[in-house]
Every structure is written in C-alpha cells, then in structure tokens.
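Asker: Quick one: structure below, then a few questions.
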Amino acid sequence: MLSYLSKFFMDDFLSVFFLFIIILIAIPVSVYSTGYIKKYRNIYSGRYFWIMFGLFVLSMIGVVMSSNSISFMVFWELMSIASFFLAIYDHKNRESIKPGIYYFVLTHISGLFLMMMFGFIYKYTGSIDFTEIVHSRGMIQEPWIIFILALIGFGAKAGLLVSEGSSFCAIHKFPSMLSAMMSGVMLKVAIYGFIRVTFFLMGGVSWESGLAVMLLGTVFAIYNIINALLQNDNKKLLAYSSSENIGVIFSVIGLALVLYDLKLYEAAIMALTAGLFHSLNHGVFKSLLFTGAGSALFATGTSNMNELGGLHAKMKFTAICVFIGTAAISCIPPLNGFASESLILVSFIKSSFLLDSKKLFLVVILCGCVIMLASGAAIFAAVKAFGITYLGKARSEKAVNVREIPRSMNVGMAMLSALSILFGIFSPFIVGMISIGLSESILETKYIVQPFGYEITRVAILLFGIIILILLVSRILDKGKKPQINSTWGCGFDTSKPNMQYSGDGFSQPVARYFGRMAGYKKESKVKDTILLKQKTTDKLENNIYMKLIYFTNFLAVRVVKIHYGKIQLYVAYILVAVILSLILVINFV
Amino acid sequence: MSIIYIIQSLLLIAGAPLFVGSLRRLKAVLRGYKGAPVLQPYYELMKLFSKGRVLSGNSSFITSIAPAIVLAASILLAFTVPVAYIGSDYGLGNIFVIIFLMAILKFMTVLIGLDSASAFGGMGGSRELFISMFAEPIGFLTAAFLYFEAGSFNIIEITYINSRGIAEPAAHIMAAVAFLLWIAAENTRIPVDNPETHLELTMIHEAMLLDLSGRDLAYFELSTYLKLTVSMALFVNAFIPFGIAASASGSFLLTAFVLFVVKMLIMLSMLAVTETIMAKFRLFRAPELLATSFCFALTAIAIVYLH
Chain X
-6 MLSYLSKFFM DDFLSVFFLF IIILIAIPVS VYSTGYIKKY RNIYSGRYFW
44 IMFGLFVLSM IGVVMSSNSI SFMVFWELMS IASFFLAIYD HKNRESIKPG
94 IYYFVLTHIS GLFLMMMFGF IYKYTGSIDF TEIVHSRGMI QEPWIIFILA
144 LIGFGAKAGL LVSEGSSFCA IHKFPSMLSA MMSGVMLKVA IYGFIRVTFF
194 LMGGVSWESG LAVMLLGTVF AIYNIINALL QNDNKKLLAY SSSENIGVIF
244 SVIGLALVLY DLKLYEAAIM ALTAGLFHSL NHGVFKSLLF TGAGSALFAT
294 GTSNMNELGG LHAKMKFTAI CVFIGTAAIS CIPPLNGFAS ESLILVSFIK
344 SSFLLDSKKL FLVVILCGCV IMLASGAAIF AAVKAFGITY LGKARSEKAV
394 NVREIPRSMN VGMAMLSALS ILFGIFSPFI VGMISIGLSE SILETKYIVQ
444 PFGYEITRVA ILLFGIIILI LLVSRILDKG KKPQINSTWG CGFDTSKPNM
494 QYSGDGFSQP VARYFGRMAG YKKESKVKDT ILLKQKTTDK LENNIYMKLI
544 YFTNFLAVRV VKIHYGKIQL YVAYILVAVI LSLILVINFV
Chain W
1403 MSIIYIIQSL LLIAGAPLFV GSLRRLKAVL RGYKGAPVLQ PYYELMKLFS
1453 KGRVLSGNSS FITSIAPAIV LAASILLAFT VPVAYIGSDY GLGNIFVIIF
1503 LMAILKFMTV LIGLDSASAF GGMGGSRELF ISMFAEPIGF LTAAFLYFEA
1553 GSFNIIEITY INSRGIAEPA AHIMAAVAFL LWIAAENTRI PVDNPETHLE
1603 LTMIHEAMLL DLSGRDLAYF ELSTYLKLTV SMALFVNAFI PFGIAASASG
1653 SFLLTAFVLF VVKMLIMLSM LAVTETIMAK FRLFRAPELL ATSFCFALTA
1703 IAIVYLH
C-alpha cells in the first residue's frame, strides 16, 4: 500500500522540508485567523473562508508532494485559485478587488510559463514523472530554454521579478492572514519549484545561468529593500521586504548553481543550505510581522504608520511579539534571521575564495557586499516599521481608540515568536540536518555544513545568562528607589505634541535623499497659508516596464478585436480560410 | 575556556572606562587645556548608579529591558575578543557573531531613541541607521579579507595565524585603514559623528540617550565605552597581533600584556590626534568617506586573492 502511494508522492528531502515549512507556519496562522476573522463576522461567511483556507494549504502541500508534472500543475493552479478567492474575501471593499484580479492574471502568466517548461521537459525526456525525468535528464538539449521558462514562471510567482508591493502582486491589500500565508509560505513553494527543476530535474544548469540568477536576485534585493524603506504603510513595507528576502534567497541559490556547475560540491551544498534555511526563517519571521501588522490594522483600522504610534501601551503582547520579529529580521543574534543571514554571507565569502576565475570572484564578492548593504537597509526598514508604529506617542485618534485583540490572535503570534527564537538558538542542528539531507539527495554523499560550530547556541545561552544576571543586579540597585515618571525632555520646550515626533517619512529621509530615485521618490512643498509637504513613491519597475507591456498588449488587443465583426457569414469565411490554411500546412509539412 | 582567558576579558571590561578617560585626557592636553582626571568615567558611572531613575511617561517595555540587553551584549563582546593570551579553545569569537553582536547595541539604542517620543531620538536613530547601513559592506569585506588571510572566521585563530607573519603587507595595511574607518562609523566617532557635543547638528549617538537617567544611562555609557575598547582590541588583534602569547607561561603573558597596552595606547593617541585635527563630516558626506573605505577594502581583497 505504502509503496503504491509513494509512486504518487515525492518523499525525498526537499519535498519533506517544504512540507515541514508549510505545516509549521499554517498552524499558527490558522490559530491567528480564528481571531482575525471576527473582523468580518457580520459581513462575510466564515465557512467560505475556512474552506478556501484549507484548500489553499492542501494545494500547497500537493504542489510540494506531487511526483509528476501534471499533478504539479494541477495543484499549482488550485493554489492560485484558492489564494485568489481568499484575496477577494473582502470583496465589498472595492480596493481589494483590483489587486486580486491583477494577482489572478499574474499567477496565470506564471502558470503558462511553467506549462511550457514542463512541455519542453517532456519533449526531450518523454516523461512526466519526476524520478523518470531524473534518469533521462541527459537527453535534455537546449537546457537554457527550460531554465529561462523556470526562472520567469517561478520568479514571477515568488515575487522576484514582480515586487510583492507593486500593484500586480499587492499582497498588502489582501486580508492579513492571507498576506502572512502568501509571504511566508506560498513564495517558498515557488522557490521549491525552482530548486526542484534546476537542481533535481535538470541536474544543474550552466554557470552562466547560475550567475544570472545570482545577479538578478541581488539587484532585486537592493531594489526592493529601498522601496520597502520608503513606504509608510506597514503592510506594504513588509510586502516589499518579502521580495527583498526572496531576492537574497534566489541570489544564494544562483551561487549554488554556479558552484554546482563548477564542481565545487561542498560549497554548493552550503549555499543551497543557506538558501533553504533562510526560506524557513523568512517564512517564520515574515508571517510573524504580517500577523503583527494585521493586529495593528485590526485594532486601529489603519496600517499607515504616520497615523499610529504608541500602540505598545494598549497592545503590549502584540508589541513584544512584533519586537521579536523585528529583531529576527534585523539579524540580531541569537534569533533565526541572524542564523541564516550569516550563513548566506559566510557562503558567499567561502565560495568566492574557491573560485579560479578572477571575474567570477569579483562578482561573487560584490554580490555579497550588496546583500550586506541590503541587510543594513533591512534593519532600517524593520526598525522604522516597529518603532514608528508601536513606540512613542499616538499620532492620531485611531491609535488611541484601540479595539481589543482576541486572544487567539495573540496565541498565533506567540507561537511564531517562539519558533523565531528556537530556530535561532538551535540553528546549528537544523543547518546540519538540512545539509545532510540535501547532500544525500543531490550528491549521494554526506556533507555537514557547520560554519559556526555550536557558537550561536553558546552565545544565546551566555547572552541570556548575562541579561538575567544584570536584571538581578538592577533589582538590587533599584531597591528602595522608585522610578520617577516625567514627561519627555524637550530642550526646555514643554508643550510637546505627538506630531513633533519623527514620522515614518522623516525617519527614512536620509535614504530617500540618497536612493530616492530607485523608488521614484518625489517631494513637493507648497507655501500658502501653511507649508504643505507632499511626498510619494512609485514603483519604477511597474511603471516603466510592466505597465508598458500591458499598454502594448491592450493596443494589440484593440487591433485584433476588429476582426470580430459580429456577422455569422464572416465567421464562416474565417473557418473556410482556416481549413484551407491547415490543409496546406498538413500537405506541405507532414 | 581557560581561567587566563576569562581574567583578561574581565580586565578589558574593567579597563574600558579608563581607556575612554585617557582618551579624553589626551585630547584635552592636545587642545591645550588640562582636562578631567583619567579616572573621571568611573566617577561618572558611580554618580549615575547612585542617582534615581527618571522615566519618560511615553516609555515602553523597551526602556525597561534595553539597558540590560545592551550591557549584556557588550560584556559578551568583551569575552569574544582576545587580549594578550590565545587559548586553544575556539568556542567563541566568530567575526560575524562579533559584528552582529555590535548590531544589537545599535538596534536597541535606536529603539530607545524612538521610545521616548522625542524628536531628537528619532533623528539620532535615523542617522545612526543611515550611516551603519553604509558601514555594513565594509564589515563584510573585512571579514572576507581576514578569512582570505587566515582561512578562518574565528578571531582567535586569525590572531594566532597573523601573529606568525603576514603574507601581503600592502593589502594588510589597506584593509587596516578600511577597518579603522569602519570602527569610526560603528562607534560614531569623528569623522562621522562628534561624541562630545549635545547639539542637534552633530549628534547621532547622544541624541538617542537624551531621556535616560540613573542606572539606565550608566549601563548605556558603560556599553559605549566597552564597544569602543572592544573595537580597538579587535583591530589590534586582527591587524597588529605580533607578540601575543600563545602559551600560558608567565614571561610570555607579561610581554604580551605590556605589548597590548602599548598598542592600545598607540591606537588611543592616533584616535586623539585625528579627533583633534579633524572636524566632523556632514551627514550626507559620511557615505563618501565610507565609500573610500570600501574601495580600500576591495583593493586589499583583490591583492590577497591575486597572490
């Protein structure tokens, strides 16, 4: 029975690992959803949501477990459709319909490319079964076509080519638990697909292709994090930041492809391990941050950080969870973000040292530098999102009249925070497990990647020990002295107002000045009765490339539609012409 | 970890305020006035410890935990860096762990700045993150350089291998210059920030701590001293480690310790001279300085790779 079933399911390490990610994150997010859904209680059906949510999770599990390309595509489409129906769950709000439809189109374009890709694979290997393709992969000619199709198909879905924050894939406009699921899990399913096709089905690609992935990932990482940094909408910031992390993951996978083609297997396994571990960690802390942004939205009705502030007072538990998530995404040891980010950086350094080609060496080192720069900007963005929203004073009425958060939402977030801490402290064990699993399934040898030994665990224990010690000493020092509560010091200026604090715009102003062009940043100031300052950012990529593509397609469609004249005689004539043409083709070419 | 290793780290922690005190004294002498006694930082800390705390009404849990976290991170930092003796146990001291432990200090300080709802704190935090964002790639390149030189990410191993001799002196010096600028940026010293003033035009680090008092401020001050001292010790051990004791024999230890103190004094006078003769860069010119440092580091790496 089991052996019969295993024909339909992949049970190698890669599938099991991604199955683990999906289940691990789906559980806390569904706990969170039981509370969040109360926001829509009187408007929409809860049963509809749970059916779609279940379908979404099951279809993702189906994608990572399917063992042939047909079932892969079926589950892939099911995943797209389920997520689309969840995306337009809040359909009475007109704002969420348009991004939902854009997303639906985008995901089908991605599906189209994947179908073509599997078609090409079938053409060369004559098989749809993954294990059979692996055996006959030597017959694949022109692998670059398959590679490009995979890059476009999976890259578009993963948010590499199309930023998550742009209007084509506006996950920040979807219900928060869906944003968390999509950013945390669904993007990882696309990464699974990319690794499955390039590493397993094709057995590696040429190093030029790998280099292209690495450069693409790096460029998109820095582009997206600058865009994230200049946003004032909490969820939009997180959406862009998801794309940044996907860029980093793709970059390190590209590095692994380069190394794999150059036969530097141990370094390749290390880079791939870093990519997989970062996928897991990003899934955990990003869904934590998205659920946190969702809680703030639930409680106040807005996710614009310039209207929030001071939420720590009324949402203390949420604030603490988001603080952990922020620390994790900012690579603060010993949390999980640090564990995988440092592994990525180490694998860039170690592999660059092994390369013989001077040009390649320089490219790899510079990519590492850009990723480090992006990680610096990621700290900036994360601190901005947390600090402006939760700390300080309330900036508007909305942040004062806070709605109570259901306990289940807090439970979901607490689970994710705990995972964030655990995956950081016990990262050496997890990294070791991933590298053994990968090297056994790809190379059939055993490599254990452990660049830090157990240092992170040791640092964590020491750090917590010293913190507890200091807190005890502080308690002794504070004995008999009560802290005096006073208003914030304003340099002798006593009537401080909430809008005198730094705003989100102000906080990222230095970066806007340096990199504003990358995010289409524009500032306008008018002096009339008062000084009015307007700032806005636009997604350059969206406006300059994708929108033009859409206009072009529209233009063509308008031309083509003219042949639909509406007369039945004309259509009969079309049929006649088509039949004659196909007859000529058949006679000439068969 | 051997006892000597722990003792030297404790000495480093105890000596950090002394280091900052002598720096201040030397700067004062260079500028032609007498200056406060060398032990002044200890007096300041003692005064702060004895004072009560005044908290801002807007402050959150961040203000209650951040001082402890920051101090703990900086104490741990002191244990990751060797001083005069390198044992055989390489349990701590990965460069990336050191770099990101320093990031804890930065992260918590910026949050403290935002916590009190004051405009100064936000400004300081924004500037600090802006500068440190540009400093990150230099940290990465320095780690890469040291890995290329010594084949390890562990600072103790790097110290040991570099103390045996250096293959590429030119590259070594270039990387050292780059790393010094990184230290200036990370510790918000002059050319990047002036740590002495409390004027809003110049302040980055001080701006974030305006609303702290009593023991909270003392923790932060101590951790600032520690961060500077540890950065200097890191530089001394990574780039000029000659004479460090690899075995625990008394005479070796003594010379190594004396050498360390001398090296630190040299660093200190270099710092004092720079801070006396130079003015702070404008905020938006600081990235240019860091870009220069980046170029130095990249050249150094290229030289090491080619040989």
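Protein chains in written order, with the working numbering: chain X, -6 to 583; chain W, 1403 to 1709.
All C-beta atoms in this analysis are idealised placements derived from N, C-alpha and C, irrespective of residue type, glycine included.
#1: Going by other Cβ atoms of all chains shown within 10 Å of its Cβ, with 16 needed for buried, is Thr266/X buried or exposed?
#2: Anything in chain X within Cβ reach of Glu1538/W, meaning under 8 Å, just list it in chain order.
#3: Jot down the residue ranges of each uninterrupted alpha helix (DSSP H) in the stretch 407 to 489 of chain X, minimum 4 residues, whole runs only, in chain order.
#4: Assuming Phe1550/W and Ile1703/W make a contact with CB atoms under 8 Å, what is their CB distance in whole Å?
#5: Measure the Cβ-Cβ separation of Val24/X and Ser401/X and say whether it is below 7 Å.
#6: With a threshold of 16 other CB atoms inside 10 Å of the CB of Asn581/X, please say whether the residue is buried or exposed.
#7: On the three-state DSSP scale, how would you describe Ser501/X?
#8: Specify the secondary structure class of Ala1647/W as computed by DSSP and reduced to three states.
#9: May I ask you to report which of helix, strand or coil DSSP gives Ile524/X?
#10: Determine the burial state of Ala1572/W: buried for a count of at least 16 other Cβ atoms within 10 Å of its Cβ, exposed for fewer.
#11: Check this for me: beta carbons of Thr1482/W and Gly1493/W, under 7 Å apart or not?
#12: Report yes or no: is there a C-beta of chain X within less than 7 Å of the C-beta of Val1706/W?
#13: At 9 Å on the CB atoms, spell out the chain X contacts of Leu1478/W, in chain order.
#14: Just to confirm the assignment: which complete alpha helix (DSSP H) runs, minimum length 4, are found wholly within the stretch 269 to 349 of chain X?
#15: Applying the criterion that 16 or more other CB atoms from any shown protein chain within 10 Å of the CB defines a buried residue, is Tyr41/X buried or exposed?
#16: Along the chain, where does the alpha helix (DSSP H) containing Ser1424/W start, and where does it finish?
#17: To which residues of the same chain is Leu549/X closer than 8 Å at the C-beta, ignoring the five residues directly before and after it?
#18: Just by C-beta distance, which residues in the stretch 315 to 332 of chain X are closer than 8 Å to chain W?
#19: Could you name each continuous alpha helix (DSSP H) segment of 4 residues or more that falls completely within the stretch 1614 to 1673 of chain W, going from the start of the chain to the end?
#20: Shorter than 7 Å from the beta carbon of Leu1457/W to some beta carbon of chain X?
#21: Between the beta-carbon of Ala1470/W and the beta-carbon of Ile463/X, is there less than 7 Å?
#22: Among the residues of its own chain, which have a CB less than 7 Å from the CB of Ala149/X, if the five just before and after it don't count?
#23: Sort Ser467/X, Ile44/X and Phe486/X by Cα distance to Leu1450/W and report the nearest one.
#24: Tell me where the alpha helix (DSSP H) around Leu1700/W begins and ends.
#25: I need the straight-line Cα distance from Gly186/X to Phe167/X, nearest angstrom please.
#26: Given that Trp43/X touches chain W, what residues does it touch there, using C-beta distances under 8 Å?
#27: Note down, in chain order, every chain X residue with its Cβ under 7 Å from the Cβ of Met1525/W.
#28: To which residues of the same chain is Arg1455/W closer than 7 Å at the C-beta, ignoring the five residues directly before and after it?
#29: Select from the stretch 1643 to 1654 of chain W all residues with a C-beta closer than 7 Å to any C-beta belonging to chain X, and list them in chain order.
#30: In terms of residue numbering, what span does the alpha helix (DSSP H) encompassing Ser1520/W cover?
#31: Give me the residue from Phe1698/W, Leu1531/W, Lys1436/W and Leu1691/W with the minimum Cα distance to Ser368/X.
#32: Cβ atoms of Asn1564/W and Pro1689/W: under 7 Å apart, would you say?
#33: Starting from the beta carbon of Met1714/W, find every residue of chain X whose beta carbon is closer than 7 Å, and list them in chain order.
#34: Select from the stretch 468 to 502 of chain X all residues with a C-beta closer than 9 Å to any C-beta belonging to chain W, and list them in chain order.
#35: Rounded to whole angstroms, what's the CA-CA distance from Gln477/X to Leu384/X? Just pull it up for me.
#36: Is the shortest distance between the beta-carbon of His128/X and the beta-carbons of chain W less than 7 Å?
Answerer: In short:
#1: In the first sequence, residue 266/X corresponds to position 273, counting from 1. Around the beta-carbon of Thr266/X, 16 or more other beta-carbon atoms lie within 10 Å, marking it buried.
#2: Here residue 1538/W refers to the residue found at position 136 of the second sequence. Chain X residues near Glu1538/W: Met365, Leu366, Ser368 and Gly369.
#3: Within the stretch 407 to 489 of chain X, the runs of alpha helix (DSSP H) at least 4 residues long that lie entirely inside it are, in chain order, 420 to 435 and 448 to 470.
#4: Within the second sequence, numbered from 1, the residue matching residue 1550/W stands at position 148. Within the second sequence, numbered from 1, the residue matching residue 1703/W stands at position 301. Contact flag correct, Cβ pair sits at about 7 Å.
#5: Locating residue 24/X in the first sequence gives position 31, where the first residue counts as 1. Locating residue 401/X in the first sequence gives position 408, where the first residue counts as 1. In contact: Val24/X and Ser401/X (Cβ atoms closer than 7 Å).
#6: Your numbering for residue 581/X matches position 588 in the first sequence. In the assembly as shown, Asn581/X is an exposed residue. Its beta-carbon has fewer than 16 other beta-carbons within 10 Å.
#7: If you number the first sequence from 1, residue 501/X lands on position 508. In the structure shown, Ser501/X sits in coil (DSSP, three-state: anything other than H, G, I, E or B).
#8: As a working mapping, residue 1647/W is identified with position 245 in the second sequence. DSSP places Ala1647/W within a strand segment (E or B) once states are collapsed to three.
#9: Along the first sequence, read from residue 1 onward, the residue named residue 524/X stands at position 531. When secondary structure is reduced to three states using DSSP, Ile524/X falls in the strand class.
#10: As a first step, residue 1572/W must be located in the second sequence, where it is residue number 170. Exposed, because fewer than 16 other Cβ atoms sit within 10 Å of the Cβ of Ala1572/W.
#11: Numbered from its first residue, the second sequence carries residue 1482/W at position 80. Numbered from its first residue, the second sequence carries residue 1493/W at position 91. Cβ distance not < 7 Å, so Thr1482/W and Gly1493/W don't count as in contact.
#12: Looking up residue 1706/W in the second sequence gives position 304. At a cut-off of 7 Å between beta-carbon atoms, Val1706/W makes no contact with chain X.
#13: Translated into positions along the second sequence, residue 1478/W becomes position 76. Neighbours of Leu1478/W on chain X, chain order: Val452, Leu455, Leu456 and Ile459.
#14: Counting only unbroken stretches of 4 or more residues, the alpha helix (DSSP H) elements lying wholly within the stretch 269 to 349 of chain X are 309 to 322 and 329 to 347, in sequence order.
#15: As a first step, residue 41/X must be located in the first sequence, where it is residue number 48. Residue burial is scored here from C-beta neighbours: Tyr41/X has fewer than 16 other C-beta atoms within 10 angstroms and is therefore classed as exposed.
#16: As a working mapping, residue 1424/W is identified with position 22 in the second sequence. Following the DSSP letters along the chain, one finds Ser1424/W inside the alpha helix (DSSP H) bounded by residues Ile1405 to Arg1433.
#17: Stepping through the first sequence from its first residue, residue 549/X is reached at position 556. The beta carbon of Leu549/X sits closer than 8 Å to no other beta carbon from its chain once the five residues preceding and following it are set aside.
#18: Those would be Phe316, Ala320, Ser323, Cys324, Ile325, Pro326 and Phe331, in chain order.
#19: For the stretch 1614 to 1673 of chain W, whole alpha helix (DSSP H) runs of length 4 or above, ordered along the chain, are 1616 to 1641.
#20: By 1-based counting over the second sequence, the position of residue 1457/W is 55. Yes - at least one Cβ of chain X is within 7 Å of the one on Leu1457/W.
#21: As a first step, residue 1470/W must be located in the second sequence, where it is residue number 68. As a first step, residue 463/X must be located in the first sequence, where it is residue number 470. Judged by their CB atoms, Ala1470/W and Ile463/X are nearer to each other than the 7 Å cut-off.
#22: In the first sequence, counting from the first residue as 1, residue 149/X sits at position 156. Here the set comprises Leu99, Ile102, Ser103 and Val155.
#23: Translated into positions along the second sequence, residue 1450/W becomes position 48. Comparing C-alpha distances from Leu1450/W to each of Ser467/X, Ile44/X and Phe486/X shows the shortest one belongs to Ser467/X.
#24: Translated into the one-based positions of the second sequence, residue 1700/W becomes position 298. For Leu1700/W, the uninterrupted alpha helix (DSSP H) run begins and ends at Ala1688 to Leu1708, by DSSP.
#25: Indexing the first sequence from 1 puts residue 186/X at position 193. Indexing the first sequence from 1 puts residue 167/X at position 174. Answer to the nearest angstrom: the Cα atoms are 24 Å apart.
#26: Your numbering for residue 43/X matches position 50 in the first sequence. Correct list: empty, because the minimum Cβ distance to chain W is about 35 Å.
#27: Indexing the second sequence from 1 puts residue 1525/W at position 123. By Cβ distance, chain X contributes Tyr495.
#28: Position 53 of the second sequence holds residue 1455/W. Scanning its chain for C-beta atoms nearer than 7 Å, with the 5 sequence neighbours on each side dropped, one finds around Arg1455/W the residues Ser1615, Gly1616, Arg1617 and Asp1618, in chain order.
#29: Listed by position along the chain: nothing, the set is empty.
#30: Counting from one through the second sequence, the residue named residue 1520/W turns up at place 118. Ser1520/W -> no alpha helix (DSSP H), and no H or E assigned at all.
#31: Counting from 1 along the first sequence, the entry for residue 368/X is found at position 375. Residue Leu1531/W is the option with its Cα nearest to Ser368/X.
#32: Residue mapping note: residue 1689/W aligns to position 287 of the second sequence, counting from 1. Residue mapping note: residue 1564/W aligns to position 162 of the second sequence, counting from 1. No; because the gap between Cβ atoms is not below 7 Å, this pair is not in contact.
#33: Here chain W covers residues 1403 to 1709 and nothing more, so residue 1714/W does not appear.
#34: Within the stretch 468 to 502 of chain X, the qualifying residues are Leu470, Asp471, Lys474, Lys475, Pro476, Gln477, Ile478, Asn479, Ser480, Thr481, Trp482, Gly483, Cys484, Ser489, Pro491, Met493, Gln494, Tyr495, Ser496, Gly499, Phe500, Ser501 and Gln502.
#35: If you number the first sequence from 1, residue 477/X lands on position 484. If you number the first sequence from 1, residue 384/X lands on position 391. In a straight line, the C-alpha of Gln477/X is about 20 Å away from that of Leu384/X.
#36: As a working mapping, residue 128/X is identified with position 135 in the first sequence. Put simply, the CB of His128/X is far from chain W, with every gap to its CB atoms at 7 Å or more.
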